[in-house]
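S.K.: Dropping a structure here in structure tokens format, bear with me for questions.
Protein chains: 2
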Amino acid sequence: MKPKKIEKDTESRILDAAKRIFIRKGLDGARMQEIADEAGINKALLHYYFRSKEKLFLTIFREELRNFFPRLFPVLLSKDLTPEMKIRHFVENYIDLFIKEPFLPAFVLREVNRNPSIVAQFIGEAGIEPEKLRNLLDVFATELNLTMNEMLHLMVTIVSACIFPFAGKPIIKQVLFDDNEGDYQKFLNHRKTYVADFVIHSLKGRLLK
Amino acid sequence: MKPKKIEKDTESRILDAAKRIFIRKGLDGARMQEIADEAGINKALLHYYFRSKEKLFLTIFREELRNFFPRLFPVLLSKDLTPEMKIRHFVENYIDLFIKEPFLPAFVLREVNRNPSIVAQFIGEAGIEPEKLRNLLDVFATELNLTMNEMLHLMVTIVSACIFPFAGKPIIKQVLFDDNEGDYQKFLNHRKTYVADFVIHSLKGRLLK
DNA sequence: TAAATAATTAACCATATGGTTAAACTATGC
DNA sequence: GCATAGTTTAACCATATGGTTAATTATTTA
Chain A
5 MKPKKIEKDT ESRILDAAKR IFIRKGLDGA RMQEIADEAG INKALLHYYF RSKEKLFLTI
65 FREELRNFFP RLFPVLLSKD LTPEMKIRHF VENYIDLFIK EPFLPAFVLR EVNRNPSIVA
125 QFIGEAGIEP EKLRNLLDVF ATELNLTMNE MLHLMVTIVS ACIFPFAGKP IIKQVLFDDN
185 EGDYQKFLNH RKTYVADFVI HSLKGRLLK
Chain B
5 MKPKKIEKDT ESRILDAAKR IFIRKGLDGA RMQEIADEAG INKALLHYYF RSKEKLFLTI
65 FREELRNFFP RLFPVLLSKD LTPEMKIRHF VENYIDLFIK EPFLPAFVLR EVNRNPSIVA
125 QFIGEAGIEP EKLRNLLDVF ATELNLTMNE MLHLMVTIVS ACIFPFAGKP IIKQVLFDDN
185 EGDYQKFLNH RKTYVADFVI HSLKGRLLK
């Protein structure tokens, strides 16, 4: 029952450590020494497993970009959900994801703005196919009786409403909740139903034009 | 007609250069040499005018934080605007601001996440008074027949919808617009009316519950 | 078990970077 | 014209940082 190989364990220790450090500090702010310390290993070992900081970073980034992207296909294609339920599911799952990974939004936004070409570079590997996604949105637009343009705005609005509360946490918490973490967390929990309600009301409200 | 003093000019040249570099690259990514080059001066001169990178950065950040914060008081307190018009004004002005300063949202979000305490530290100097702001929102909530909780969500939702399209530009442009800058810009312009409409529909839609 | 291979470390290296110094240059006041 | 204070520069410094090397210690394999 002796552990045969430590290497595999070391690799995942490195990945865990790198993830924690990179997500909080970004590529520019992270130090290889810091990651080594966090993983409890020698700095040279980092370069033994991942040749360079860049390589290690991209390994982490690819994975986190995949997490970041909402997996719309299963929800939107479901036949036994009303449009309203699809929206509720989406919002709830997406906000829950960020409650579990609160630093993910700020991390991804920071890195794609540092180097925008990284998006095109990794979008495929992150399991996103823009064309298929746009087709999907087109179908959903029809279902909701929206133009594709309106659908794109709707999508961006929903995603914004889910992501910004996390990416803007320091500001929101300070300005709206007097730096009270508990109040801010309560706000996040309410938000799952609030955003869905808000969107659904808006779609209904169009009828009142 | 000879220029009497160059000094003042030098200082503003430095500030302009620092602003450009810091906003695009952040504190961690920016290099003092780069800022000096951008300003067309010697690196030592940077330290002559602003003792350290940190000091120079904070000078820029303070100013940009002030820009970033929506100036709600004049709009929300106006007596001759309907709530609907207040929302329309706010959204249009806020999005227009970011069309002029497209890197501002990503910059502020990056830096407040790098060092959250910077918000509390500079919120006063940026001309924001959280208490007064919350009072203002309370009044507006009454005007709209909303609870304070709903008002906070509404506020965050509107701000999210304005900011995220800029902070998330690399992703949105790539995924939704196949990397076409023109399409993305058109989207931003539509967005001014779309977001306002969306919010107003939602408030009306509540009646259809 | 001995050779071969993989994992790990301490010490090192080259370069980049924020920051300093001392000297030179410029304008201004007397 | 000269002294003084303010401005600008080239050269320099200490340190941090990503990365490498060579030796050491497991682990595998024949």
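Going line by line, the protein sequences match chains A and B.
Residue 110 in this note's numbering sits at position 106 of the first sequence; the count goes up by one each step and never skips.
Residue 173 in this note's numbering sits at position 169 of the second sequence; the count goes up by one each step and never skips.
Where is the CB? At the ideal position from N, CA and C, for every residue including glycine.
Going by Cα to Cα distance, which pick from A:G209, A:D20, A:N46 and A:F168 is closest to A:A110?
M.R.: Residue numbering aside, residue 110 of chain A sits at position 106 when the first sequence is read from its first letter. Checked all of A:G209, A:D20, A:N46 and A:F168; the closest Cα to A:A110 is A:F168.
S.K.: Establish whether the CB of B:K83 and some CB of chain A are separated by less than 8 angstroms.
M.R.: Your numbering for residue 83 of chain B matches position 79 in the second sequence. It does not; no Cβ of chain A falls within 8 angstroms.
S.K.: For A:F144, which residues from the same chain have a beta carbon less than 7 angstroms from its beta carbon, with the 5 sequence-adjacent residues on both sides left out?
M.R.: As a working mapping, residue 144 of chain A is identified with position 140 in the first sequence. Only L80 and M155 meet the Cβ criterion.
S.K.: Interface residues of chain B around A:K47 at Cβ under 9 angstroms?
M.R.: The residue given as residue 47 of chain A occupies position 43 in the first sequence. Within chain B, no residue comes near A:K47; the closest Cβ sits about 20 angstroms away, beyond 9 angstroms.
S.K.: What does A:D182 touch in chain B if you count any residue whose Cβ is under 7 angstroms from its own?
M.R.: In the first sequence, the residue the question calls residue 182 of chain A occupies position 178. Near A:D182 (Cβ distances below 7 angstroms), the residues of chain B are P134.
S.K.: For A:Q178, count neighbouring Cβ atoms within 10 angstroms of its own Cβ and tell me buried if that reaches 16, exposed if not.
M.R.: The sequence position of residue 178 of chain A within the first sequence is 174, counting from 1. A:Q178 should be labelled buried.
S.K.: Going by DSSP in three states, A:A34 sits in which element: helix, strand or coil?
M.R.: The sequence position of residue 34 of chain A within the first sequence is 30, counting from 1. Coil at A:A34, not helix or strand.
S.K.: If we define contact as Cβ-Cβ less than 8 angstroms, is B:I25 a contact residue for chain A?
M.R.: Here residue 25 of chain B refers to the residue found at position 21 when the second sequence is read from its first residue. Taking Cβ atoms only, chain A never reaches closer than 8 angstroms to B:I25, which makes this a no.
S.K.: Could you confirm whether any beta carbon from chain A is found closer than 8 angstroms to the beta carbon of B:N153?
M.R.: Residue mapping note: residue 153 of chain B aligns to position 149 of the second sequence, counting from 1. Chain A, which has a Cβ nearer than 8 angstroms to the Cβ of B:N153, makes this yes.
S.K.: Since A:F126 and A:L69 should fall inside the 8 angstroms C-beta cutoff, what is the C-beta to C-beta distance between them, to a whole number of angstroms?
M.R.: Stepping through the first sequence from its first residue, residue 126 of chain A is reached at position 122. Stepping through the first sequence from its first residue, residue 69 of chain A is reached at position 65. About 5 angstroms; that satisfies the 8 angstroms criterion.
S.K.: Can you check which of these residues, A:N97, A:V163 and A:S206, is closest to A:N1 by C-alpha distance?
M.R.: Coverage of chain A is limited to positions 5 through 213, which leaves residue 1 of chain A absent and any answer about it impossible.
S.K.: Is B:T86 helix, strand or coil by DSSP?
M.R.: As a working note, residue 86 of chain B is residue 82 in the second sequence. In the structure shown, B:T86 sits in coil (DSSP, three-state: anything other than H, G, I, E or B).
S.K.: Identify which residue in A:H51, A:A34 and A:G33 has its Cα closest to the Cα of A:T14.
M.R.: Stepping through the first sequence from its first residue, residue 14 of chain A is reached at position 10. The residue with the shortest Cα to Cα distance from A:T14 is A:H51.
S.K.: Between A:I18 and A:E38, what straight-line distance do the alpha-carbon atoms span, to the nearest angstrom?
M.R.: The sequence position of residue 18 of chain A within the first sequence is 14, counting from 1. The sequence position of residue 38 of chain A within the first sequence is 34, counting from 1. Cα to Cα, the separation comes out at about 11 angstroms.
S.K.: Quick one: complete alpha helix (DSSP H) runs, 4+ long, within the region 72-155 of chain B?
M.R.: Within the region 72-155 of chain B, the complete alpha helix (DSSP H) runs of at least 4 residues are 76-81, 87-104, 108-118, 121-127 and 134-148.
S.K.: Taking just the CA atoms, how far does A:V112 sit from A:M36?
M.R.: In the first sequence, counting from the first residue as 1, residue 36 of chain A sits at position 32. In the first sequence, counting from the first residue as 1, residue 112 of chain A sits at position 108. Going from the Cα of A:M36 to the Cα of A:V112 covers about 20 angstroms.
S.K.: In chain B, which residues lie with their C-beta within 7 angstroms of the C-beta of A:K57?
M.R.: To locate residue 57 of chain A, count along the first sequence from 1; it is residue 53. Per Cβ cutoff of 7 angstroms: no residues; A:K57 is ~13 angstroms from chain B at best.
S.K.: State the DSSP-derived secondary structure class of A:F54, mapped to helix, strand or coil.
M.R.: Position 50 of the first sequence, counting from 1, holds the residue named residue 54 of chain A. The answer is coil: DSSP assigns A:F54 none of H, G, I, E or B.
S.K.: For B:P174 and A:V163, which I take to be in contact (beta-carbon distance under 8 angstroms), what is that distance rounded to the nearest angstrom?
M.R.: Position 170 of the second sequence, counting from 1, holds the residue named residue 174 of chain B. Position 159 of the first sequence, counting from 1, holds the residue named residue 163 of chain A. Their Cβ separation, rounded to whole angstroms, is 14 angstroms, which puts B:P174 and A:V163 out of contact at 8 angstroms.
S.K.: Can you name, in chain order, every residue of its own chain whose Cβ lies under 6 angstroms from the Cβ of A:L148, other than the five neighbours on each side?
M.R.: Numbered from 1 along the first sequence, position 144 holds the residue referred to as residue 148 of chain A. Cβ neighbours of A:L148 beyond the five flanking positions: P87.
S.K.: Taking only the alpha-carbon atoms, compute the straight-line gap between B:D201 and B:L150 and give it to the nearest angstrom.
M.R.: For the purposes of this step, residue 201 of chain B is taken as residue 197 along the second sequence, with counting starting at 1. For the purposes of this step, residue 150 of chain B is taken as residue 146 along the second sequence, with counting starting at 1. Approximately 18 angstroms between the Cα atoms of the pair.
S.K.: Any Cβ of chain A within less than 8 angstroms of the Cβ of B:H194?
M.R.: Here residue 194 of chain B refers to the residue found at position 190 of the second sequence. Closer than 8 angstroms to some Cβ of chain A, the Cβ of B:H194 qualifies, so yes.
S.K.: Using a 10 Å radius around the Cβ and a threshold of 16 neighbouring Cβ atoms, would you call A:R195 buried or exposed?
M.R.: Position 191 of the first sequence, counted from the start, is the residue given in the question as residue 195 of chain A. So A:R195 counts as buried.
S.K.: With a cut-off of 8 angstroms, does the C-beta of A:Q178 fall near any C-beta of chain B?
M.R.: Start at 1 with the first residue of the first sequence, and residue 178 of chain A comes out as number 174. Closer than 8 angstroms to some Cβ of chain B, the Cβ of A:Q178 qualifies, so yes.
S.K.: Taking 8 angstroms as the CB-CB cut-off, is B:R118 touching chain A?
M.R.: For this step, residue 118 of chain B is matched to residue 114 along the second sequence. Judged by the 8 angstroms Cβ criterion, B:R118 is in contact with chain A.
S.K.: Let me know the secondary structure DSSP gives A:I45 once reduced to three states.
M.R.: Translated into positions along the first sequence, residue 45 of chain A becomes position 41. Three-state DSSP puts A:I45 in coil, outside helix and strand.
S.K.: Using a threshold of 8 angstroms, state whether the C-beta atoms of A:R28 and A:F107 are closer than that.
M.R.: Start at 1 with the first residue of the first sequence, and residue 28 of chain A comes out as number 24. Start at 1 with the first residue of the first sequence, and residue 107 of chain A comes out as number 103. Cβ atoms of A:R28 and A:F107: closer than 8 angstroms.
S.K.: For the alpha helix (DSSP H) containing A:D187, name the first residue and the last one.
M.R.: Within the first sequence, residue 187 of chain A is the residue found at index 183, counting from 1. E185 to G209 is the span of the alpha helix (DSSP H), which, as asked, contains A:D187.
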